[in-house]
Structures are given as C-alpha cells and as structure tokens.
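Enquirer:
Residue numbers (the numbering used here): 6 to 393.
1. What is the residue span of the alpha helix (DSSP H) that residue 259 lies within?
2. To the nearest angstrom, how far is it from the Cα of residue 333 to the Cα of residue 327?
3. What does DSSP give as the partner residue(s) for residue 215 in the beta ladder?
4. Since residue 229 contacts residue 338 with CB under 8 Å, what's their CB separation in whole angstroms?
5. Could you tell me the distance, in whole angstroms, from the CA atom of residue 190 to the CA atom of residue 313?
6. Could you tell me the distance, in whole angstroms, from the CA atom of residue 322 to the CA atom of residue 342?
7. Please work out which residues of its chain come closer than 7 Å, Cβ to Cβ, to residue 255, disregarding the five sequence neighbours upstream and downstream, and give them in chain order.
8. Given a threshold of 16 other Cβ atoms within 10 Å of its Cβ, counted over all protein chains shown, does residue 386 qualify as buried or as exposed?
9. Looking at C-alpha atoms only, which residue of 64, 111, 364 and 306 is the closest neighbour of residue 147?
10. Starting from the Cα of residue 36, find the closest Cα among 166, 141, 160 and 103 and give me that residue.
11. Does DSSP classify residue 267 as helix, strand or coil?
12. Can you tell me whether DSSP reads residue 40 as helix, strand or coil?
13. Quick one: using the 10 Å Cβ neighbour count with 16 as the cut-off for buried, is residue 181 buried or exposed?
14. Pick helix, strand or coil for residue 341, following the three-state DSSP scheme.
15. Return the residue from the list 317, 32, 284 and 14 that minimises the CA-CA distance to residue 183.
16. Looking only at C-alpha atoms, which of 32, 53, 8 and 198 sits nearest to residue 225?
17. For residue 95, which beta-bridge partners are listed by DSSP?
18. Could you tell me whether the region 138-154 touches the region 43-58, using the rule of 3 or more Cβ pairs below 8 Å?
19. Spell out a yes or no on whether the region 108-125 and the region 52-69 are touching, meaning 3 or more CB-CB pairs, one atom from each, closer than 8 Å.
20. Are the region 187-207 and the region 113-122 touching, with three or more C-beta to C-beta distances below 8 Å?
21. Would you list the one or two residues that DSSP bridges to residue 208?
22. What residue range is occupied by the uninterrupted beta strand (DSSP E) comprising residue 137?
23. Among the residues of its own chain, which have a CB less than 7 Å from the CB of residue 43, if the five just before and after it don't count?
24. Among 373, 292, 263 and 296, which residue has its Cα nearest to the Cα of residue 2?
25. For residue 112, name the three-state secondary structure that DSSP assigns.
26. Does residue 120 come out as helix, strand or coil in the three-state DSSP assignment?
27. For residue 393, count neighbouring C-beta atoms within 10 Å of its own C-beta (all shown protein chains included) and say buried if the count is 16 or more, exposed if not.
28. Check the C-beta distance from residue 209 over to residue 166 and give it rounded, since I have them as a contact under 8 Å.
29. Return the first residue and the last residue of the beta strand (DSSP E) that residue 165 is part of.
30. Looking at the secondary structure, which residues open and close the alpha helix (DSSP H) in which residue 81 lies?
31. Does the distance from the C-beta atom of residue 233 to that of residue 220 stay below 8 Å?
32. Between which two residues does the alpha helix (DSSP H) harbouring residue 288 extend?
33. Taking residue 60 and residue 84 to be in contact with their CB atoms under 8 Å, please state how far apart those CB atoms are, rounded to whole angstroms.
34. When the distance is taken between beta carbons, is residue 41 closer than 8 Å to residue 65?
35. By DSSP's criteria, residue 192 is part of a beta bridge. Which residues make up the other side?
36. Hey, could you find the ends of the alpha helix (DSSP H) residue 158 is sitting in?
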C-alpha cells in the first residue's frame, strides 16, 4: 500500500518545556577606579582593568610599601569598609600634572585601537556600579568625562570637589549639575579626609572622594551613603555642622548638592549628604541603574522570539513576578507591569517593537525628621485630677 501521509508515530512522545527563568536579585556593588600606582607589580597590566578583591591583591599596587600613587590608599580604604570587587586601571604619571590628567581621561590609541585610562573601564567583565578617580576629578573638564562615561554604562560617579572654601565650592557646584549630561549620578565631596599612613608614619590627606567611594559601596545601590561614620581622623577644612541649624556651612553645601565630612554625635567624622550634584537622591539613581541592568540582561535571552500573545503575556508576568520580590524585600514600596495601551500600535508591532510599562515606587532616605513638641494643658488637668 501507499505511505500513510498523515501517520506520525505509533507510540508516545514526551515534550518537556521550562518555565521562564527567574530574574534573580539586583546584584552587588562593583567599583572601577582610574589612577596612578608607580610601584605596582610589573605583572599588573597598565591601562587595562585589574581586579582586586582582597588585601593580598591590593598589596600588588605597591609591593615596596612606599604607598605611592593615588590608587593604593583609595583601594585600601574601600577594602577596610566593605569587601567588593575593585577594578583598577593604572595609568603612567606624565611629565606634568596635565599630562597625567590626560592619561586618566584616556581614550582610544589611534594606532592600536587600544582603550586607555577611563575608556579601559568599558572592558570590565562585571557591571560597574561606582566609578571614580580620586585625586583627578576636581575640575569640570575631568568631572564631565566621568559623568558622561557613568551615564553610558549606568554607574554612579564619585567626584572630588575643589580644595576650596565653602563659598567657592558652592560656586563650583553651579558650574556642574546638568542632568542630561550625566551629573544627576555624580556625588561631589567637599573636604579632604586624613588617614594614617604607615609609610609616612603620620596622617596624610587623601582626595575628597576616597572615603566617600567606600561609603557608597558599603550600602545597597538603592540606599543613601549619607550619615556613615568614616575612618577619617581629621579633615583639611572643618565644616560647620549642626543637625538643628539650617544656616550652617554644611547645610549650605548640601543645599547645592555637595557632600562633606564633619563630626557628629555618632563619633568621628561622618559623610553627610544624600544627593547628587543636581539634587537628585543618589539612591534613586542607584535603584534605576540596578533595575535597568537586570532588565537588559533578562531581555537579551528573549530577543528574536515571535511576538505571540502567550510570549508577551509571559514576559509581562515574569517581570511583574520579579518586581513583587523587590516589594517583598523592601527594595521598593510597590510596582506593577503592563503593556502600554497607546504606544503599542499596529505599525509599531509590524516593526517588531512593543512597549512594556514598569511602574514602581522608591523609598526616600530619611533626610529631614520633624519632631512636633506640643505642651498641652489637658495633660496637666488630668494630672491634677489624679492628685487632688
């Protein structure tokens, strides 16, 4: 007889499918720094990211113990506070300070195409959440380069303020601050903290951003680094601070988006400031970046799938389920996911484009507590009734 064309199989077929992968947590901080380390171990590449995650690998920045360069103390202060990966890009000091600054900014070698300085951080295999270059970011030119790079890779930037008076620092803050240029993710720090140096056998002043980077890395990306006690033993410029006074120098700095170190009732010197140079809470920036990075990674696996109803419903449910885990662990106060009712059109769909809306709330840092003290005669009347 002829072949039965509609015959498939006289038996059993078992097809197994997997449910969508869980999206997982938002991840931890990873730091990227650019700076100098003239006595670094020759095996550490220059102008290329080198991962440091312990005091053992940190020691390679200066095996001689002379503590030279900007990276040695910056990384040491981070590791004292929190154990996170720190990628360093070592640049060679130039003949002049301006040459060194150019090396920090880096770029692309026109001959080899190799990325240098700041640009080399783009090849880090992990997602950087914080970047900086302690000792080099106290000018608008360098700050702009780091702000732009931070915006591109979705990392917060810790910048040195000018070594200047409070009044001059406020003026400098007004030179910065354009959100569309990436400054909404920049934490600017005012005064230089002093820490002990074994090589110098005394306290030495570090650049303002050094201890602030450690403070930012210690907290979750969606939390503020403010009000943390640091290892600073002194500061280059004492800033007047009073938690009850709105007219102090410290309050003025914070009003213009500048953080600073000052003595508080917590003991020692704390980092005071919750906002970026534009006035946006730095914790808001961290949360947005963390959510964005997770969506990008999760979305990559779904690319090129047919936009069927089941697929679209599945993706919305997957993101919404993940969002509810962020609600449960108090990363966000609430959120929901749905398809955009207006933007999702026939023309957009035919072009392979669809819009998923993610509504979410944000926890604000406790920046201003208001205690209302009310002296009430009714309480005295009740007291007298009990006594008489």
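The beta carbon of each residue, even a glycine, is placed where N, CA and C say it ideally should be.
Expert: The answer reads as follows:
1. 254-260 is the extent of the alpha helix (DSSP H) around residue 259.
2. Residue 333 and residue 327 have their alpha carbons spaced roughly 10 Å apart.
3. In DSSP, residue 215 forms no bridge with anything.
4. A Cβ-Cβ separation of about 16 Å leaves residue 229 out of contact with residue 338 under the 8 Å criterion.
5. Whole-angstrom Cα-Cα distance: 38 Å.
6. It is roughly 8 Å from the alpha-carbon of residue 322 to the alpha-carbon of residue 342.
7. By the criterion of a C-beta distance shorter than 7 Å, residue 255 is surrounded in its chain by 244, 245, 246, 265, 267 and 277, once the five residues flanking it on both sides are discounted.
8. Looking at its Cβ environment, which holds fewer than 16 other Cβ atoms inside 10 Å, residue 386 is exposed.
9. Of the candidates 64, 111, 364 and 306, 111 places its Cα closest to the Cα of residue 147.
10. Per the C-alpha coordinates, the member of 166, 141, 160 and 103 positioned closest to residue 36 is 160.
11. When DSSP states are grouped into helix, strand and coil, residue 267 belongs to the strand group.
12. If DSSP states are grouped into helix, strand and coil, residue 40 belongs with the strands.
13. When all chains shown are included, residue 181 counts as buried.
14. Strand.
15. For residue 183, the nearest C-alpha among the options comes from 284.
16. Relative to the Cα of residue 225, the nearest Cα in the group 32, 53, 8 and 198 belongs to 32.
17. Beta-bridge pairing links residue 95 to 40.
18. Two segments are said to touch when three or more pairs of C-beta atoms, one from each, lie closer than 8 Å; by this definition the region 138-154 does not touch the region 43-58.
19. The region 108-125 and the region 52-69 touch, with no fewer than 3 CB-CB distances between them shorter than 8 Å.
20. At 8 Å Cβ cutoff, the stretches do not touch.
21. 201.
22. Bounds of the beta strand (DSSP E) holding residue 137 are 135-137.
23. The residues 73, 74 and 98, in chain order, have a CB closer than 7 Å to that of residue 43 in the same chain once the five nearest residues on each side in sequence are set aside.
24. Past the edges of the chain, shown from 6 to 393, lies residue 2, and the structure says nothing about it.
25. Collapsing the DSSP output to three states places residue 112 in a strand.
26. DSSP places residue 120 in strand when its eight states are reduced to three.
27. Exposure of residue 393 is indicated by the presence of fewer than 16 other C-beta atoms within 10 angstroms of its C-beta.
28. With 8 Å as the limit, residue 209 and residue 166 do not qualify as a contact, their Cβ atoms being about 19 Å apart.
29. Taken as a continuous stretch (DSSP letters only), the beta strand (DSSP E) holding residue 165 covers 161-165.
30. Taken as a continuous stretch (DSSP letters only), the alpha helix (DSSP H) holding residue 81 covers 76-86.
31. Their beta carbons are under 8 Å apart, which means residue 233 touches residue 220 by this criterion.
32. Per DSSP, residue 288 belongs to the alpha helix (DSSP H) from 287-305.
33. 6 Å between Cβ atoms; contact.
34. Not in contact: residue 65 and residue 41 (Cβ atoms no closer than 8 Å).
35. Beta-bridge pairing by DSSP links residue 192 to 163.
36. According to the DSSP assignment, residue 158 belongs to the alpha helix (DSSP H) that extends over 145-158.
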